[in-house]
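Numbering (the UniProt record's numbering), first residue to last: 1 to 241.
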């Protein structure tokens, strides 16, 4: 319940959400019951976010959303409702600008469904998800490492994490997302590599120099490091004080 709302305090503790991942204009897929737009003041670089829900069309295709038009696509607990999550994720990735981000949360099959599918906690769930397993109890299990790899060479995975910090492993089978604190999910962030990065085969460094005032500090780091390498080893002076 209110899974996006639960994530806000955790996301505020990670600067990447405010400075990189939720910046610019974006789409909040499936966000109508608990929209990201309620919390824009916590992400000052976010200039606009549109909710995409049932009345807008099938989230699997995002028909009408131009390719490479968005800075980010956000979705909290929607991918598991799609008929084909592979096609859906590819559609979400398609509408990102080069350099844009997918920020997606899905339920983890062991923390949420907990060994039973069809899900008794949400009858509309069509798939279960895990970070990576050789074998799963679920016949509808999706390995996220494989799913994200299927996005192709432009997919740069920046975050893939099990959200288990408030999961109570000592409880019997129970939907812990009913509580105010348990997320029971997996969160991933994928960046869309630029054409320059694809051609180079990696991150292309910015050639724009910092200001002279900033360069003074960066160059001092170099000078300090060089001095340390030519100085006597530290922590060897045992003379009396």
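No residue lacks a Cβ here, since even glycine has one placed at the ideal position from N, Cα and C.
> What residue from 136, 88, 112 has the CA that sits closest to residue 166's CA?
Replying inline: Residue 166 sits at position 166 when you count from the first residue of the chain shown. Looking at the Cα atoms, 112 is the closest of the given residues.
>> Quick check: what's the CA-CA separation for residue 257 versus residue 3?
In response: Since the first residue shown for the chain is 1 and the last is 241, residue 257 is missing from the structure and cannot be characterised.
>> Just to confirm, is the Cβ distance from residue 104 to residue 149 under 8 Å?
In response: Translated into the one-based positions of the chain shown, residue 104 becomes position 104. Translated into the one-based positions of the chain shown, residue 149 becomes position 149. Not closer than 8 Å, so no.
>> On the DSSP letters alone, give me the boundaries of the alpha helix (DSSP H) that residue 6 sits inside.
In response: Within the chain shown, residue 6 is the residue found at index 6, counting from 1. From DSSP, the alpha helix (DSSP H) with residue 6 extends over 3–12.
> Within this structure, are the beta carbons of residue 96 and residue 68 separated by less than 8 Å?
Replying inline: For the purposes of this step, residue 96 is taken as residue 96 along the chain shown, with counting starting at 1. For the purposes of this step, residue 68 is taken as residue 68 along the chain shown, with counting starting at 1. Result yes, Cβ atoms of residue 96 and residue 68 sit closer than 8 Å.
> What is the C-beta distance between residue 25 and residue 48, in whole angstroms, given that I count them as a contact (C-beta under 8 Å)?
Replying inline: As a first step, residue 25 is located in the chain shown; it is residue number 25 there, counting from the start. As a first step, residue 48 is located in the chain shown; it is residue number 48 there, counting from the start. That pair is a contact at about 5 Å.
> How long is the line joining the alpha carbons of residue 236 and residue 216, rounded to whole angstroms?
Replying inline: Here the question's residue 236 lines up with position 236 in the chain shown. Here the question's residue 216 lines up with position 216 in the chain shown. Cα to Cα, residue 236 sits roughly 31 Å from residue 216.
>> Can you tell me whether residue 28 is helix, strand or coil according to DSSP?
In response: On the chain shown, residue 28 is found 28 positions in, with the first residue counted as 1. Three-state DSSP puts residue 28 in a strand.
> Out of 182, 162, 161, 163, which has the shortest C-alpha to C-alpha gap to residue 171?
Replying inline: The residue labelled residue 171 in the question sits at position 171 within the chain shown. Minimum Cα distance to residue 171 is reached at 182.
> Does DSSP classify residue 21 as helix, strand or coil?
Replying inline: Working through the chain shown from its first residue, we reach residue 21 at position 21. Looking at residue 21 - three-state DSSP - the assignment turns out to be helix.
> Does DSSP classify residue 154 as helix, strand or coil?
Replying inline: Looking up residue 154 in the chain shown gives position 154. Here residue 154 sits in coil by DSSP.
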